[in-house]
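Number 291 in the numbering used here belongs to position 235 of the sequence shown; there are no gaps in the numbering.
Glycine residues also receive a C-beta, built at the ideal position from the N, C-alpha and C atoms.
This report concerns only the one structure given below.
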Amino acid sequence: MTKEEFFILLTEEVKTYKSYLETDSQEWIVKGFIDINKNVYTITNDTKVVSKIIEILLIPKLNKFAHDNGLKMELPSKQNFYPDLTFKDDEGNLFAVDFKSSYYSGESVNGLTLGSYWGYFRDRDTIKNMDYTYNSYVSHTVLGMLYKQRVVDNNEKKVFSVDELSAIHSVIEKFIFFVQPKWKIANDIPGSGNTRNIGGITNIQDLINGRGPFSSLGEDVFNDYWMGYFNKVDARTAGIGIPNYHNLKTYQAYLESQAAKLDKLKK
């Protein structure tokens, strides 16, 4: 199976997920957690909790998707390993799929990070926080899950019964799903905080249609840019002094300066 064929199949599959996770009124089907005594405990709209529950709900669907299309789906052997899911065809081709979720307001998401630009991303033939090497994968795809947070007055101190589900308001609603190659929705700046993460674009329509700054430049430019990206601390540690570039404009200037040096050597 080619990466184009896998992308088309996964895109069609994900189109069904909105109706799977929403009620007719576009509320999330999840109301809380239930114990063996049929007590229901409400949840907050904490992004980590919400995203993990969505993933748990979708994994069986994606496993069926794999089975129906002659693929095998593998979960990572450790919690912090990349990617979230590995799909393998009968010829041994590997396809990486990573879950990315965020809430949105208007036309923008709160923010997305697309994984590390360090470690396995640079040492692509070495297993680092992965079950396979980065270069073993035919493609690296993002399954995006966007949702709207609701202002609800759920009382976390109260315990509900199963019969009271209708009285519990969902904490999120109005899902938007998308599938895109990682490089097409990557930004040219890191994600939030001091982590070594690739930032993602934030406009919803650009995410859905894969219109990041690298989308017109190609995956090779994306790889070269982020494999050579240094923050200030890492640049000092590496002996570079200051980073060679910090966005696409300065990256272009850096490449031009390197080309000028090469021209001198050729004379």
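When C-beta atoms of the region 270–281 are compared with those of the region 101–111, fewer than three pairs fall below 8 Å, so the two segments do not count as touching.
In the displayed model, Tyr188 falls within coil according to three-state DSSP, outside both helix and strand. The DSSP-derived three-state label of Asn95 is strand. Contact between the region 187–198 and the region 147–165 is present: three or more C-beta pairs spanning the two stretches fall below 8 Å. DSSP links Asp154 through a beta bridge to Val198. The Cβ neighbour count for Met283, taken over all protein chains shown within 10 Å, is under 16; the residue is labelled exposed. Residue nearest to Glu68 within the set Trp84, Lys94, Ala122 is Ala122 (criterion: CA-CA distance). For Ile110, the enclosing alpha helix (DSSP H) starts and ends at 103–124.
By the Cβ criterion, the region 121–137 is not in contact with the region 250–265, since fewer than three pairs of Cβ atoms, one from each stretch, lie closer than 8 Å. Of the other Cβ atoms in all chains shown, 16 or more fall within 10 Å of the Cβ of Tyr176; this residue is therefore buried. The beta carbon of Thr189 is closer than 8 Å to those of Tyr176, Arg180, Asp181, Thr182, Ile183 in its chain, skipping five residues each way along the sequence.
When rounded, the separation of the alpha-carbon atoms in Ile298 and Val215 is 55 Å. Within the same chain, and ignoring the five residues on either side of Asp280 in sequence, no residue has its Cβ closer than 7 Å to its Cβ. Between the alpha carbons of Asn95 and Tyr285 lies a distance of about 50 Å. Contact between Tyr73 and Phe234 is ruled out by a C-beta separation of about 11 Å, above the 8 Å threshold. Under DSSP, the beta-bridge partners assigned to Leu141 are Val153. The secondary-structure analysis by DSSP pairs Lys230 with nothing; it has no beta-bridge partner. Nearest Cα to Lys144 within the set Leu221, Phe137, Leu127: Leu127. For Leu170, the uninterrupted beta strand (DSSP E) segment begins and ends at 169–172. Sequence-distant Cβ neighbours of Tyr173 in its own chain, meaning closer than 8 Å and more than five residues away, are Pro246, Arg252, Asn253, Ile254, Trp282, Met283, Tyr285. Judged by their CB atoms, Leu221 and Lys87 are nearer to each other than the 8 Å cut-off. DSSP, reduced to helix, strand and coil, places Lys238 within a helical segment of the structure shown.
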